[in-house]
Amino acid sequence: MADWVEACAVDDVDEEDVIRFDHGGRSFAIYRSPDDEFFATDGFCTHEKAHLADGLVMDDIIECPKHNGRFNYKTGQAKGAPVCVNLQTYPVKVEAGKVMIQIA
Amino acid sequence: MAGKVKRDYSLVGESTRIAIETGLASAEWYHTDIPRKTIKELMQRSDGPAIRDTAIWIAAILASAAGGIYFWGTWWCVPFFFVYGVLYGSSSDSRWHECGHGTAFRTRWMNDVVYQIASFMLMRNPVTWRWSHARHHTDTIIVGRDAEIAVMRPPDLLRTALAFTGILDFRYSLPALVRQAFGKLTPDEKSYVPEMEQHKAVIAARWHIAIYIATIVLALTMRSWVPLVLVGLPRLYGTWHMVLTGLLQHIGLADNVIDHRLNSRTVYMNPISRFIYWNMNYHVEHHMFPMVPYHALPRLHELIKHDLPEPNPSMWQAYREVWPVLLRQLKYEDYFLKRELPPTARPYRGEFHDVNMSAAAE
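Which chain is which? The protein sequence lines are R and E, in order.
FYI, the UniProt record's numbering numbers position 37 of the first sequence as 37, with every residue one higher than the one before it.
FYI, the UniProt record's numbering numbers position 278 of the second sequence as 278, with every residue one higher than the one before it.
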C-alpha cells in the first residue's frame, strides 16, 4: 500500500511555480498550477540529471533548466526533444494546509 | 587529463572514455547564486520581443532580396546581397539557437517554425543539431563529449580563417545532409541522437535536399544564378558574421572544466551585431542559465557580472587577446587563457576542475 507523505505547506509553493521535495532517498517536484491545484512528479528530468524544481512552470508545462525539455506536469507527458521519456507523476491531496503526495 | 593525453575530439574515442570515467561528462556545473524569485522573473517567456525582431528580420530579408534582384547584373546588387547574405547566412544561426532552446517565443509553434526555417538556411539537420546542442550544454567544451567545439587544439589556423568564407562548413553540411537523406548517420551522430529520434533526422534531411534540388531545377529552367544566390549560396557569402561573433564564445579558453566562467566568454558588441546575434555575446550568462531568453540576457548580465570575469569590451579587443593564445597553442596545446575574476566573485575551485591551471596564461 502506497503511503501518503507530507511534502510541504500550501504556502511553500507560489502560484505557477515548483519546489523540490526529497524523501526516502528520492527527489520529487511539487507544482502549484495557475488555477491553484497541486501536482507532483519525479524531481529529475528524464533526459539528464537536472532537477525540475530549478525550471520554469508555464501553464501546464514544466521546462527543464538544463536543456529546456518540456513536460506536462499534470500527466507527465514528454512534449518533444530533447525529452523523449515521460515523467512519473504521483497523486496529490491537500489536507489542513499541507500538500500530501502518495509515494509508491 | 589535459597535458597527459592527446585530445581526441571524436565522440566515441579515448577522450570520451576518460571524460566519462573522470566525471567530466554530465557533471554538476558552477552557477552564480541568484534568488529563485529573480531567476524566475528573468526566465519568463514573452512572444512580443521575438515577434517584433522576427518581423524586422523577415522584412529586412525580403527588402534586401528584392533590391538584389532588382539590381541584378549591376554592381548595385552587391550591397543588397551583402545585407541579405548576413541575414540569411549569419543571423539565422542565432534564430536557430534561441528557437532550439525554446526561449525566443513563449508560444511553442512559433519557436518550432522559426527553428525549422533557420535550420534550412544554415544547412543544418534540425534533428541532429538539436541533439548536438543539448550535448554542448551538458558538456560544454569537454573534449570527447561536446560535438560543437569550433576550434580544436592545436588550432588549425587555416581552417579557422576559411570558416569566415563558409567554404568548409558548406563542404561539410551539404554532404552531411545528402548522407543523412540516404539514411546514414555517423557513429558520432548516433552517440547523441537517441535511436527513437534518428528516423526524424533522415526525413528532415530529405526535405532539405528536395528544396535544394528544386532550387537548382529552377535556376536551370530560368538559366539564372539568382535562385541559387538567394537559396543555398548565402551560406557561403553571408556566414562571416556568424563566425566572427560565434568563434569568440569559447576560443582560447579552458577545456575540460565545469565552470562556464573558465570556458566561455562575454563580449560587449555593437547594437547591429547584437541584433544579428540575438545577444549571444552574453555567452557565460547564456550557458549558466540557458532558460533565460535572449532579450533578458543584458539584465541577467547586470545581476551577475560581479561574479564573472570582466567582459571583453569589443570584438576587436577579444580577437587581439585570443590571437597570441592561438599562436602559443600551436606549440603547447595545453596552453589556454585563464580569465581573471573580480574580487567580488567566488573563486574558481581548482580542485573542482580537472585542468592543469599551471598551463594557463598568467
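In this text, a Cβ means the ideal position worked out from N, Cα and C, and glycines have one as well.
The structure presented is a predicted model; accordingly, all values stated were derived computationally and were not measured.
In the three-state reduction of the DSSP assignment, Trp129/E falls in the helix class. For Leu337/E, no beta strand (DSSP E) run applies, since DSSP gives it neither H nor E.
Counting along the chain, Trp4/R sits inside the beta strand (DSSP E) bounded by residues 3-9. Taking 8 Å as the cut-off, the beta carbon of Asn279/E is found no closer than this to the beta carbon of Pro309/E. By the beta-carbon neighbour count (other beta carbons within 10 angstroms, threshold 16), Glu98/E is buried.
Taking CB atoms only, Lys74/R has no neighbour in chain E less than 8 Å away. Taking C-beta atoms as the reference points, Ala81/R and Leu87/R fail to come closer than 8 Å.
Residue state for Lys66/R is assigned as coil, using DSSP reduced to three classes. For the pair Phe71/E and Ala29/R, the Cα-to-Cα distance works out to about 59 Å. At least one CB of chain R lies nearer than 8 Å to the CB of Trp131/E.
Boundaries for Tyr73/R: no beta strand (DSSP E) harbours it, and the DSSP string shows neither H nor E there.
Around the C-beta of Thr38/E, fewer than 16 other C-beta atoms lie within 10 Å, and the residue is accordingly described as exposed. Look at Glu95/R here: in three-state DSSP terms it is strand. For secondary structure counted as the alpha helix (DSSP H) over 4 or more consecutive residues, the stretch 166-199 of chain E holds these complete runs in sequence order: 167-181, 187-192. Chain E places a beta carbon closer than 8 Å to that of Ala81/R, counting this residue as a contact. Between Gly89/E and Pro234/E, the CB-CB gap stays under 8 Å. Counting the other CB atoms within 10 Å of its CB gives Ile61/E a total of 16 or more, which places it among the buried residues. Taking a Cβ-Cβ threshold of 7 Å, none of the residues of chain E is close to Asp60/R; the smallest such distance is about 12 Å. For Ser64/E, the enclosing alpha helix (DSSP H) starts and ends at 48-70. Approximately 15 Å separates the beta-carbon atoms of Thr103/E and Tyr277/E; this is outside 8 Å, ruling out the contact. The beta carbons of Phe164/E and Trp240/E sit about 5 Å from each other, so the pair counts as a contact at 8 Å. Per DSSP, Ile34/E lies in no beta strand (DSSP E) segment and is marked neither H nor E. From the listed residues Gly23/E, Leu228/E, Gly232/E, the smallest Cα separation to Ser173/E is found for Gly232/E. Contacts with chain R (Cβ-Cβ distance below 7 Å) from the stretch 288-314 of chain E involve Pro290, Met291, listed in chain order.
Within the same chain, Cβ atoms closer than 8 Å to the Cβ of His23/R are found at Val5, Ala7, Ile103, the five residues on either side in sequence being excluded. Contact residues of the stretch 188-212 of chain E toward chain R are Pro194, Met196, Glu197 (C-beta to C-beta distance below 7 Å). Residues of the stretch 135-167 of chain E with a C-beta less than 8 Å from any C-beta of chain R: His137, Thr138, listed in chain order.
The C-beta distance from Ala19/E to Ile142/E rounds to 5 Å, short enough to fall under 8 Å.
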